[in-house]
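Numbering (this note's numbering), first residue to last: 77 to 276. For every residue, glycine included, the Cβ atom is placed at its ideal position computed from N, Cα and C. Report on one structure; see the data block that follows.
Below, the structure is given as structure tokens:
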């Protein structure tokens, strides 16, 4: 019987990547549609944003017969993964060799507060009652997690606050006789804010 390498695995998903509720990070996937022989095992490789391989304990590549891998968070070097975008690569093998890698979406084992302030905060347009404010979005590495943005519009002792996942926002119902100050802060999944950038 002729064997060839298997198809790619399917639907690679991160089912748990937060440390608050569990010490496990779980990656799951579907078997290849066509195994093209008897499946021997799956190889799991974790990579950082530059493509470098992360060690799990002292192993670079993990071999498993299951369609999931759930390492303890403590098996990673936390200084190598804290605030770092990561992907998991899975490939199946038969006696003929390895199939192609299939990668997960980007995830974080531990998010941190953003590493940099918001830049290029500017007014795109302004009228008597509304303003459109924009800024340069943080990269995932700059953010140290999946970023959203917290906007504070201050006037006197009062303020208007908004949160958005976009890199611009329209604020309405303003009063043209009042001077407003706008600040934008980056925020990630750990809830920490970086120092704000502001305009008047």
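Residue environment analysis places residue 159 among the buried positions, since at least 16 neighbouring C-beta atoms fall within 10 angstroms of its C-beta.
With 16 or more other Cβ atoms from the protein chains shown falling within 10 Å of its own Cβ, residue 167 counts as buried.
Counting C-beta atoms within 10 angstroms of its own C-beta, residue 128 has fewer than 16 neighbours from the protein chains shown and is therefore classed as exposed.
Of the other Cβ atoms in all chains shown, fewer than 16 fall within 10 Å of the Cβ of residue 114; this residue is therefore exposed. The region 126-140 and the region 212-219 do not touch, with fewer than three beta-carbon pairs separated by less than 8 angstroms. DSSP places residue 129 outside any beta strand (DSSP E), giving it a letter other than H or E. A residue is called buried once 16 or more other Cβ atoms fall within 10 Å of its Cβ, and residue 175 is buried on that count. The Cβ atoms of residue 120 and residue 89 lie no closer than 8 angstroms to each other. Ranked by how close their Cα comes to the Cα of residue 100, the residues 118, 152, 162, 140 have 152 in first place. Nearest to residue 235 by C-alpha distance, out of 242, 241, 227, is 227. Scanning its chain for C-beta atoms nearer than 6 angstroms, with the 5 sequence neighbours on each side dropped, one finds around residue 82 the residues 108, 111, 112, 168, 170, 175, in chain order.
Sorting 144, 173, 196, 133 by C-alpha distance to the C-alpha of residue 116 places 173 at the top. Distance from the CA atom of residue 243 to the CA atom of residue 106, rounded to whole angstroms, is 35 angstroms. Beyond the five residues adjoining it in sequence on each side, residue 192 comes within less than 6 angstroms, by CB distance, of 218 in the same chain, given in chain order.
Taking the Cα of residue 149 as reference, the smallest distance to any Cα among 179, 186, 177, 180 is reached at 186.
The continuous beta strand (DSSP E) containing residue 168 extends over residues 162-170.
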